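A quick write-up on the structure given underneath.
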Amino acid sequence: MLSNKSIVRLSIAFGIIFWTLLLLTNLSILFDQKNNASLGIPQFLPHAFLILFILSVGVYYRYSIGKAESINFIDLLWRVFVTGLLTTIVSLSIKFFFYVFGGSMLTKNILLINFFYLVNLGLILSFLISTFIVWKRLILYQKSKKLLRTWQFFEYFLFLSLGFEFSGYKLFDVPFNTVILLLVGIGLILSVNLKWVAYLNFKQKWKSILFLLLVIIYLWYFFMSLVGYSNESVLITDLLNNVFVLAVFAFIFIYSVFSVLVILFNLPTSSVFESKLEEVINFQRLSQTIPTGQKEEQVFEILLDSAVSAVFADAAWLEITDTKAGKQELLVRNLNPDLIDKIKEAAQNSTLKRILNSELERNPTSQKLTATLKKVPFKSILVYPIIVKNEQIGTLALLKEVDDSFNKEMIDIINTYVNQASISIENFRLLTEALENERYKEELKIASRVQKSLLPQTLDKNHDYNITAFSMAADEVGGDYYDTFRINDNKVALIIADVSGKGTSAAFHMSQMKGIFHSLAQLDLEPKEFMVQANSALSRCLEKTSFITASYFIIDTKSKVVRFTRAGHCPTLYLDGRTRETSFFKNKGLGLGILRNSSFEDYVQVNEFYYKPEDVFVLYTDGITEATNQNQEEFGYDRLRTSLLKHASLSPDKIKDGIIDDLYDFCGKRSLDDDYTMLIVKFTGHENVKSVESVKTKK
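Taking the numbering used here, the leading residue of the sequence shown gets 707, the next gets one more, and so forth.
See the structure below:
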C-alpha cells in the first residue's frame, strides 16, 4: 500500500502531466480553428484533462493538508493566504506583461492569451482546492456523525458535478444553475459549523479576520480575472462554465464571510477562558477529594464525569480492580456493559496509532478501531491506565462514534486529570493505611515522594539562559513549588511559590498550584492576568486560613526582556553582569487567596527588564533568608547578596551550590525551621542593545 508521501509525489506528477496535456489540447484546437486545419483532436478531450487535473490537485491537498496529525488553525489560514498571494503575484505579473506590450501583435495572439489563461487556471484551481480542504478541516473540527454524513454528501455531489463538463450546459442554463443552487444550499448549511473559532485567543482572532478578508479579496480578484479572459478572448476551457469551480467559489466565499462575522461577534467573549477555567475547576475537584474527606469511589466518579465532559465523549467506562479485596468495580456512561468485551476485542485487533510521544510509561495510547470490525458502534477509543504506586489499579476508556476524534488538547487535559486522580487516590490510601497501622512517620515518607513528583525533574533550557534549582522540605512533605513552562519558541514561563503552613496540607495546596500553573501558562497570559486568574481559581479551593505567595516570570528571548509580577513573595535578587551591582525587585503584591474578590488586581504590579549575558537573578522562598544560626540571627538579604557576588562568575549549578554551602556554614545542618527552595537563572545569550540598569514598571 502506498504511503502518504508516495501519494503526494504521484499526485504532483500527474497534476503536471494533466495540466500540460490540457494546455496542448487547448492550443491545438485553437490552432485548428484559426487555420482551418484538422488535427483530429476530440472536443471532449480538454474537458477530460481538466477533470483529471482537478482530481490530481485534490488528492495532493487532501494528503498534504487533510491528513496532517496536528491542527493549528492559524497555520492552516496562513497556508491559504500564502497560496492565494503566490497566485495573485503570478496573475498580476501576466497583467503587467499585457500592459507593457499591449500595442504589439504578440499580446493579441489568441494562442498566447490562452497559454496565460491556462497558467491562471492552474493556479486558481490550486488555490480553490487547497482552501476547500482547509475549510473541510475547520468545519469537521469536533465533528459529529450527522455533520460527517452531510459533508460526505456535499463532497460526493461536488465530485459528480465534474461530469457537467461533458453535458454542454453553460452558465444561465436551467440545469446548470439548478445544480449550482443545490451545492450552494448545502454549503450554506455546512458553513454554520464554526466550533474552531471558540479555541482562538484574542490575538489569533484578529489574525484570522485578516487572513479571511484577504481570502475574500483573492476570490473577487480571481473571479474578475476569469470574467475578463472570458469576455476578451475565445476560450476552449472556460472555468465560468464549470459547475464545480463556481460552486467551490461560492462555498469558500460564504464560509469566509460567516467566519469573519462569527469571529467579530466572539471578540469580546471569554469562551476560551471559561473552558480553561472549567478544566482548572475539574482539576481542583480531583485535588480536593481527599482533603475534604471524600471516599475513593467519589474520586473515580469525578474523574469519569470530568473526562467525558472535557473530550465530548459519546460513551465511557472506568474499570477498577482491587487486588487485595479481590473485587472489581465498573462505572459506565452511555454504554451497555455487555459491549465492553467486544470493544476490547476490536481495539486489540486494530492498528495502533500514536498521538503523543511515548517517553513516559503513563502516557496514553490511542487506538483507532478498524472499519472491518462491525461489532461495536464506535470508531475512536482512548485508553488510559490508572497507576498508583507503580501498580495499575484500573483503566479509563473514552469512546467516540467517528474516527480520529481525539486531538492533542483533549489528550493533554485528560492526562492531567488521570495523573491527579492517581495522586489523590494514592494519598487517600496512604493516609488510610497510616491511620489503620499507626505508622504516621512511614506515611509521611511516602507522601514526600508524591510531593517531590510534583516538582519538575528537568527545567527549561535555552541558548540565552540556564536554570538550576534546589529544594528541601522542612518536614517529609513541604509546600514550596517551582516550575517552568515552554509557551512558544521565544517565551518560557517561570514560577516559584510558597504555600502557607507545612506538611501534607501545604503539599495538597502545592498540587493545586501546579495544576493551575499548567492550565493558565499555556494561554500565554500577561503576568498580571495570570495572577488575577490564579487568584480567582485558588480562592475556590484554599481554606480561608491559607494563602500562597508566588513570583511569576515570562522570559522572552526574542525581545531579550523579562516581565514579572509578585504576589507577596520574597523580592527577587538581581545581579548586573556588567557592573556587578545587585538589587532586590520589591514590586507590590498580595498573596494568592488573601483577597478573594475583584479588588485583588489593584494590588498586582508588573515589572520588566532587559537582560544581557552574565546577568543573574535568584528566586527563593523565605526559608532561605529566615534561616537562623545558634544565636537566632537570620541569614538575611545582605548575606544572600554577598554570597551571590562571591559566586556569580560560576555556572548556575555552582552558584547554587556555593549559596547553599554559605547558608549551611552560617546556620549549620540542623533541623530546618522552614522549607528551602531556590532557583538560579543565568543569562548567556547575545547582548541586548538596550540598557538593563533600570526596571520598568507597568501598573
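No residue lacks a Cβ here, since even glycine has one placed at the ideal position from N, Cα and C. Remember, it's a predicted structure, so these values are computed and weren't measured experimentally.
When secondary structure is reduced to three states using DSSP, Asp1368 falls in the helix class.
Along the length of the stretch 720-760, whole beta strand (DSSP E) runs at least 3 residues long do not occur. Following the DSSP letters along the chain, one finds Gly1274 in no alpha helix (DSSP H), marked with neither H nor E.
When the Cα atoms are used, Val966 and Phe1006 turn out to be separated by approximately 42 Å.
Note that the C-beta distance between Asp1380 and Thr1263 is not below 9 Å. As summarised for the stretch 1289-1355, the continuous alpha helix (DSSP H) elements at least 4 residues long and confined to that stretch are 1328-1331 and 1342-1353, given in chain order. With a beta-carbon spacing of about 5 Å, Ile845 and Asn899 fall inside the 8 Å limit used to define contacts. DSSP places Thr856 within a helical segment (H, G or I) once states are collapsed to three. Gln1098 has its alpha-carbon roughly 44 Å from the corresponding atom of Arg785. In the DSSP assignment, Lys801 falls within the alpha helix (DSSP H) that extends over Phe779 to Val806. Annotation for Thr884: the continuous alpha helix (DSSP H) segment containing it runs Val880 to Leu896. Straight through space, the alpha carbons of Phe950 and Arg843 are spaced by roughly 20 Å. Rounded to the nearest angstrom, the Cβ distance from Ile1201 to Asp1186 is 11 Å, too far for a contact under 8 Å. A direct Cα-Cα distance of roughly 20 Å separates Leu952 from Leu791. An exposed status is given to Pro1043, since fewer than 16 other beta-carbon atoms sit within 10 Å of its beta-carbon. Secondary-structure assignment with DSSP links Gly1100 through a beta bridge to Ile1026 and Ile1092. Beta-bridge partners assigned by DSSP to Leu1037: Leu1024.
Among the bridge pairs identified by DSSP, Asn1172 is matched with Lys1388.
Fewer than three Cβ pairs drawn from the stretch 911-926 and the stretch 853-866 lie within less than 8 Å of each other, which leaves the two stretches out of contact.
In this structure, Ala1240 lies near Phe1223, with their beta-carbon atoms less than 9 Å apart. Here Leu1024 really is in contact with Leu1037; their C-beta atoms are around 4 Å apart, less than 8 Å. Rounded to the nearest whole angstrom, the CA to CA distance from Ser914 to Ile886 is 28 Å. Distance between Leu877 and Pro748, taken at the CA atoms: about 22 Å. A distance below 6 Å between beta-carbons, with the five flanking residues on each side excluded, links Ile942 to the following residues of its chain, in chain order: Asn732, Ile735 and Pro752. In the DSSP annotation of this structure, the continuous segment of the beta strand (DSSP E) that includes Thr1278 starts and ends at Thr1278 to Leu1281. Counting other Cβ atoms within 10 Å of its Cβ, Ser1128 reaches 16 or more and is therefore classed as buried. Take Ile1261, set aside five residues on each side of it, and the residues of its chain with a beta-carbon closer than 6 Å to its own are Val1198 and Val1268, in chain order. Between Asp879 and Leu782, the alpha-carbon positions lie close to 36 Å from each other.
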